[in-house]
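Trainee: First the structure, which I've put down as structure tokens, then a few questions once you've had a look.
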Amino acid sequence: MTAPVPLAALRKRFQLQPERLGKSARIEQALRLAILHDWPDGSRLPSHRTLCRELGAARDTLAQAVRRLRDEGLLVTGQGQGTWTRRPRLSQPPSSTHSPSLSTRARSILQTRSASAIQSGAFMPGIPDITQFPMTKWRELYSSVTVPRNALLLSYSSGGYGPLKRAIRDFLWGWRRLTCDTEQIIITDGTHNGIELCALALTDAGDRVLMESPCYWGARNIFTAVGATVERVAWHADTGHAPRRSNHPVQLAYFTGSHHYPLSVPTSPAHRVALCDAAAPRFVLEDDYEFTGQDGANLLFDGRSPQHLLVGSFSKLMFPGLRLGYLVAPRELVEPLNQLRSEVFREGRLLDQAVLAQFLAEGELDTWYARIQRDYLARQQVMHDQLVRVPGVVHVSPPSHSISLCVQFAPGVDDRRIARKLLQAHLITRPLSPVCSADDFRSGLILGVGMLSGRLLAAEANRLRLALTRLLDT
């Protein structure tokens, strides 16, 4: 029978977890890290009694953590036989000889696929800190709206829950100094849903969509899926946009918002105005993907304009599973967009919308984000101080209140290889080059700071620095 795993590594991992987390969450994260980094695959865990004694936990507390890891597939339990570790296998692309008969657009998206089955881990980009989110208050608000007199919240919606639209109007003014009417706001199932609605309503197959390089891959995939022709123009924060290589008319120009994603630097409205003057797009869609709370003036959006649209989401401010966002549209487009959304997607989730409306109206989002953005800035500083020391790193995005940062390498570095090697060490990053255009030769990594904090962040940042130093030297 396999000997139980040594517990010294688990104790150290547990001690590094921030105490603000509940004990079950601290045990879960410590076990996860030990499984991924310290223990061989297929190792047998000691008895629950032994683990409880070592970690100072009640049996029910440990059982909750073990159950969640078992649901993730990181632990396997045999009835009456014990519990074993199981590391996740890195997925391999399917063999082309056995690939299903997919559509051309599906194959086009999957050839450059960027979505991953891995949605957690050190430096996973695009994930906020969900461990500190005030879930107690969220559950309290949810209970307050799920009462018999609110049975209408179980029905379809039409454009969204009115109080939520009013709260978003006030949120846009308070945080962005953007003005719009409540009637211009359409509640969406997250940013992707808003982008897709705009793509369906405002472009036909073959129409040209202008994007920056590097681009946000999620938006690129949506435009590809609806049959648009995506044209990308390289953008550098210091020099602006490269000249367009095409004279084709542009139906829609898409930009990330006040903070560029994935470069993680403030955007330049002057650069974008110059590009739009040259390309003359029929519509301009901005996606406030990574709102930092400080650079809202960088947006081009004007609520009075007949060509400007804005999409946003609360997933990066609050938690990814929320999947609620908004689209602010010109007045003349609101009615057809609402009708199209009802016909294609249907609408619902009024209970979630009502809870979010209360959360905003009571100032809970303001309080939460004012606190967590200070934390993000401190984490970014830790990352910046480690990564600027790596030979071969030519630029690290300056510390900000966002959840992502970008590291750029010297020309010619194979960032895909480096990302694969880091993944084998369970450091989750995303290469920069796949979201750059063919004439944009930048190389680097996109990282997140939402999954780690405190001593654990410092330890993992140091581990990342050492791994990058080794990989960039080979």
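Residue numbers are given in my numbering: position 216 of the sequence shown equals residue 1041, and the series is strictly consecutive. Even for Gly, the Cβ is constructed at its ideal location relative to N, Cα and C.
(1) Can you tell which of D885, F1108, Y1114, Q1198 has the C-alpha that lies nearest to the C-alpha of T1127?
(2) Determine the contact status of H1226 and L1202, defining contact as a CB-CB distance below 8 Å.
(3) So, for P959: in the same chain, excluding its five sequence neighbours on each side, which residues have a beta-carbon less than 8 Å away from its beta-carbon?
(4) Going by DSSP, which residues form a beta bridge with H1061?
(5) Flag this pair as yes or no: are the beta carbons of G1146 and Y1114 separated by less than 8 Å?
(6) Tell me, please, which residues DSSP counts as bridged to Y1079.
(7) Hey, which unbroken runs of the alpha helix (DSSP H) at 4 residues or more fall wholly within the segment 977-1029?
(8) What is the DSSP secondary structure of G1279, counted as helix, strand or coil?
(9) Taking 7 Å as the limit between beta carbons, can you name the residues of its chain near P843, skipping five residues before and five after?
(10) With 16 as the cutoff for other CB atoms within 10 Å, does T1004 come out buried or exposed?
(11) Check whether the segment 1038-1058 touches the segment 1070-1086, taking contact to mean three or more Cβ pairs, one atom from each stretch, closer than 8 Å.
(12) Could you spell out the range, first to last residue, of the alpha helix (DSSP H) harbouring L841?
(13) For the alpha helix (DSSP H) holding C1101, just list the boundary residues, first then last.
(14) Under the three-state reduction of DSSP, which class applies to I1243: helix, strand or coil?
(15) For the segment 847-866 and the segment 900-912, state whether three or more C-beta atom pairs, one from each stretch, are separated by less than 8 Å.
(16) Taking DSSP as the reference, what is the three-state secondary structure of I1271?
(17) Measuring straight from C-alpha to C-alpha, what distance separates R878 and R893?
(18) Just curious, the alpha helix (DSSP H) that L1190 is in, first and last residue?
(19) Buried or exposed for F1080, please, with buried defined as at least 16 other CB atoms from any protein chain shown within 10 angstroms of its CB.
(20) Just checking, does the segment 1163-1178 make contact with the segment 1009-1027 on the three C-beta pairs under 8 Å criterion?
(21) Could you please give the first and the last residue of the uninterrupted beta strand (DSSP E) stretch that includes A1231?
(22) Please report the residue range of the beta strand (DSSP E) in which M960 lies.
(23) Just list the residues that DSSP pairs V1136 with in beta bridges.
(24) I need the boundaries of the alpha helix (DSSP H) containing G1043, first residue and last residue.
(25) Determine the burial state of L1291: buried for a count of at least 16 other Cβ atoms within 10 Å of its Cβ, exposed for fewer.
(26) Short check: CB of P1039 to CB of V1260, under 8 Å?
(27) Distance check for S1089 and L935, CA to CA, integer angstroms please.
(28) How many Å lie between R1097 and L1125 at the Cα?
Mentor: In brief:
(1) Note on residue identity: the sequence assigns Asp, not Thr, to residue 1127. Comparing Cα positions, the closest option is F1108.
(2) yes
(3) E1189, W1193
(4) G1065
(5) no
(6) L1110
(7) 987-1001, 1016-1027
(8) helix
(9) S1278, G1279
(10) exposed
(11) yes
(12) 833-841
(13) 1094-1104
(14) helix
(15) yes
(16) strand
(17) 20 Å
(18) 1189-1212
(19) buried
(20) yes
(21) Checking the sequence, you will find Cys at residue 1231 rather than Ala. Counting along the chain, the beta strand (DSSP E) containing C1231 begins and ends at 1229-1234.
(22) No beta strand (DSSP E) contains M960, which is instead part of the alpha helix (DSSP H) from 960-970.
(23) D1112, L1152
(24) 1042-1050
(25) exposed
(26) yes
(27) 25 Å
(28) 8 Å
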